[in-house]
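Per our numbering, residue -9 is the first one in the sequence shown, and the count goes up by one each step. In this text, a Cβ means the ideal position worked out from N, Cα and C, and glycines have one as well.
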Amino acid sequence: MAFTLEINRLRQEVERALPVATEIRRDLHRHPELALEERRTAQVVLTRLQKLGVEALRVDETGALGLIQGGRPGPVVALRADMDALPVTEETGVPYASQHAGKMHACGHDGHTACLLGVAEVLSRLRQELPGTVKLIFQPAEEGGGGARRMVEAGVLQDPDVERIVALHSWPDLLAGQIGVRAGAMLAAVDTFQVTVRGRGGHGAHPHRCIDPILISARIIDAVQSIVSREVDPLESAVVTVGHIEGGKTRNVIPDTCFFEGTVRTLSEETRRHVQSVFMRTVNGVAAAHGATAEIAYHRELPVVINDAGVVDTLRDLGTELLGAENVAEIATPSMGGEDFSLYLEQVPGALFRLGVGPGRPALHASTFDFNDDALATGMLMLAGYVLREP
Ligand code: NI
């Protein structure tokens, strides 16, 4: 891989940017903000970018965008970090633990944001060597709240038009210093449904005079479990999960309605459409068989994260050169989790890669999870390295 500068110079600049990036990471960890509340976080980002002399603007109240024009001709590349925290009470016991009860950075987004600010510092010093233009997208509300959609609709991918986009996400199963890459489907499409089964209520002793929405909901929930086993190709992947059900108030009254909701995950657009259509048919059909009706709200939330093979090849080569081949893991199978980074990938080719934060880190979203600062340099090297290659 050819760079526009000595790799040692890149390493030095990353080392130099590391103390402030670490300080910012811990500051953000202390002050977590939930989806669409990231005002302070966005301000920290904007203040830092301005201090570095990077053109910066606020996007959609709680997002931010930085723009760095390189000194050489080249493409427009976007790097994206997510900034939101989770409604989890922190139990890490670290000195920089959350100061806000019930909120914490349990998914490493504090690390992702600090990492991208570190990259901003590195690139602000290496402007002359930078080919093309880099857009730094600091996105709110990745954990629900439509952050990526808001940023895309606000036009962050236009003017100048982004040609490729790259992001990273913390991964506890890899060690700090390692990354994980995968071409093609990496994370699932996420859809959600809400169903209200409408029957006819009455006395629990006289079910024949009623249409029992609780029994019918139970039958529907059982029936939709057959979608994956009997409607989807066994070599394809799909998940249908009902995570919430509510109906009735007491033991001897049959209610008028019963409500349930859940999520559908798939790894291809074809399976996604198929599962949706079978779901509608099954819910309506089972309800009708019992003389009830079903109101279904089905939301296509996020498409599949499909990593561009060319961008992944570049990331793999880059990782091999900067981190060593032994520190670049091939991700064997996709995850049925989702990521709204897919909304950018619908518009432009790009890739999401995993950033190791192990060892000894609990699962993402756990109340004991903490981003590993030892991973900051690796993330910065990879993101800065990606845009500092010869175009
Ligand atoms: Ni996350």
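Where the alpha helix (DSSP H) containing residue i begins and where it ends
i: C97; result: Segment: none, C97 is in no alpha helix (DSSP H) and carries neither H nor E.
i: F269; result: 259 to 279
i: E5; result: -3 to 20
i: G375; result: 366 to 377
i: G300; result: 299 to 313
i: A32; result: 29 to 41
Buried or exposed by the 16-neighbour rule on C-beta atoms within 10 Å, applied to residue i
i: G41; result: It should be pointed out that residue 41 corresponds to Lys in this sequence rather than to Gly. With fewer than 16 other Cβ atoms within 10 Å, it is exposed.
i: G101; result: buried
i: A179; result: buried
i: Q168; result: buried
i: E80; result: buried
i: A157; result: buried
i: L(-5); result: exposed
i: D74; result: buried
i: G300; result: exposed
i: L186; result: Going by the sequence as given, residue 186 is Thr instead of Leu. Its Cβ being crowded by 16 or more others within 10 Å, T186 is buried.
i: R220; result: exposed
i: H159; result: buried
i: P22; result: buried
Beta-carbon gap between residue i and residue j smaller than 8 Å
i: Y334; j: V142; result: yes
i: C248; j: P203; result: yes
i: F331; j: A138; result: yes
i: T283; j: R188; result: yes
i: M(-9); j: R379; result: yes
i: F183; j: E251; result: yes
i: D72; j: H90; result: no
i: V35; j: T82; result: no
i: I217; j: V265; result: yes
i: A96; j: A356; result: yes
i: G237; j: S267; result: no
i: L70; j: T52; result: Just to set this straight, residue 70 is Arg in the shown sequence, not Leu. No, these two residues do not count as a Cβ contact at 8 Å.
i: P162; j: A32; result: no
is_contact[residue i, chain D] using C-beta, thresh 8 Å
i: R29; result: Checking the listed chains, one finds no chain D in this structure; it contains a single protein chain.
Opening and closing residue of the beta strand (DSSP E) in which residue i lies
i: K125; result: 121 to 129
i: L292; result: 283 to 292
i: L342; result: 340 to 348
i: V44; result: It is not in any beta strand (DSSP E) - V44 carries neither H nor E in the DSSP assignment.
i: T253; result: 247 to 256
i: E316; result: Taken as a continuous stretch (DSSP letters only), E316 belongs to no beta strand (DSSP E), as it is neither H nor E.
Any non-hydrogen atom of the ligand PLP within 7 Å of residue i CB
i: E132; result: Among the ligands present in this structure, namely the ligand NI, the ligand PLP is not found.
Residue ranges of each alpha helix (DSSP H) within the segment 134 to 203, 4 or longer: 137 to 143
For the segment 49 to 102, list the beta strand (DSSP E) runs that are entirely contained and at least 3 residues long, ordered along the chain. 53 to 59, 62 to 72
Quick check on the DSSP output: what are the complete beta strand (DSSP E) runs of length 3 or more inside the segment 204 to 236, in order along the chain? none
Within 8 Å, do at least three Cβ pairs link the segment 106 to 120 to the segment 4 to 16? yes
So, does the segment 291 to 298 touch the segment 222 to 233, judging by three or more C-beta pairs under 8 Å? no
Contact between the segment 115 to 130 and the segment 46 to 60 is defined here as three or more beta-carbon pairs at a separation below 8 Å; is this criterion met? yes
Whether or not the segment 336 to 346 and the segment 143 to 155 are in contact is what I'm after, with contact meaning three or more pairs of Cβ atoms, one per stretch, closer than 8 Å; do they touch? yes
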